[in-house]
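J.: Using my numbering, you'd call the opening residue of the sequence shown number 377 and step up by one each time.
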Amino acid sequence: VASMMDESGKVVFKAFSFPNTSDGGHALFSKLTSYSPSPDDFEIGMEATGHYWLSVYSFLFEKKFLLHVINPIQTDGWRRGTEIRKRKNDIIDSVLIADLIRYGQFVETRLADEDLFSLRSLTRFRTYLVESISDLKRKVVCVLDQVFPEYQSIFSDIFGKTSKEILL
């Protein structure tokens, strides 16, 4: 969801919903450039939530927009200072982020360069896979202990080739 605010704080548009796809990036780009064809006329803020912001960020970065990535904690802090009610949804957050950018009351999230970011993602994925394999092996051992308690004493490695052939 995107919202746009001018320098005076007037909301130009809010709740522009677009999918997190290439088509969605083009739709947002078209919406923005319908107000001004120059990326220099915009300052764009977005929250770094999970991986969802990455494709939009990359798309707009390639189009030469000035981008600010903000930690969601800052948006929550701004919400506490500007609202009595603790309302929270994507529409409200998009307007709050626009306001935060307008006032310049944010600390920029430092982004790793692309190679480091890719390496970090691969490392995290590898860790996830290793942990998943370990969990599955523990579950196999648990089932084998219940069904055939002597199985582990027969094989030096219950996950070795011969053992796996027998189990499959």
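For each residue, glycine too, the CB sits at the ideal point set by N, CA and C.
According to DSSP, what are the bridge partners of residue 421?
T.: Partner(s): 444.
J.: Whole angstroms is fine: what's the gap from residue 521's alpha carbon to residue 471's?
T.: Roughly 57 Å between the two C-alpha positions.
J.: Taking 8 Å as the threshold (C-beta atoms), are residue 442 and residue 473 in contact?
T.: No. Outside cutoff.
J.: In or out: residue 530 buried (at least 16 other Cβ within 10 Å) or exposed?
T.: So residue 530 counts as exposed.
J.: Output yes or no for whether 8 Å exceeds the beta carbon distance between residue 446 and residue 476.
T.: Result yes, Cβ atoms of residue 446 and residue 476 sit closer than 8 Å.
J.: Should residue 415 and residue 390 be called a contact, given that it needs their Cβ atoms to be closer than 8 Å?
T.: Not closer than 8 Å, so no.
J.: Excluding the 5 residues flanking residue 433 on each side, which residues of the same chain have their C-beta closer than 8 Å to its C-beta?
T.: If we look at residue 433 and ignore the five residues flanking it on each side, its Cβ neighbours are 422, 443, 445.
J.: Counting only the same chain and skipping the five closest in sequence on each side, list residues whose C-beta sits under 7 Å from that of residue 405.
T.: Answer for residue 405: 439, listed in chain order.
J.: So within the segment 504-532, which uninterrupted alpha helix (DSSP H) runs reach at least 4 residues, ignoring any that extend past its ends?
T.: Counting whole runs of 4 or more residues, the segment 504-532 contains the alpha helix (DSSP H) stretches 527-530.
J.: Look at the alpha carbon of residue 509 and the alpha carbon of residue 493, and state the distance between them as a whole number of angstroms.
T.: Residue 509 and residue 493: Cα-Cα distance of roughly 24 Å.
J.: What is the C-beta distance between residue 535 and residue 515, in whole angstroms, given that I count them as a contact (C-beta under 8 Å)?
T.: 12 Å between Cβ atoms; not a contact.
J.: CB-CB under 6 Å to residue 379, same chain, minus the five flanking residues each way: which ones, in chain order?
T.: The residues are 390, 470, 471, 474.
J.: DSSP three-state call for residue 471: helix, strand or coil?
T.: Here residue 471 sits in helix by DSSP.
J.: Compute the beta-carbon to beta-carbon distance between residue 467 and residue 377, rounded to the nearest angstrom, for a pair I have assumed lies under 8 Å.
T.: Contact flag correct, Cβ pair sits at about 6 Å.
J.: Nearest CA to the CA of residue 386: which residue from 523, 479, 500, 491?
T.: Among 523, 479, 500, 491, the Cα nearest to that of residue 386 is on 479.
J.: What whole-angstrom Cβ distance do residue 482 and residue 450 have, given they're in contact under 8 Å?
T.: With a Cβ gap of about 5 Å, residue 482 and residue 450 count as contacting.
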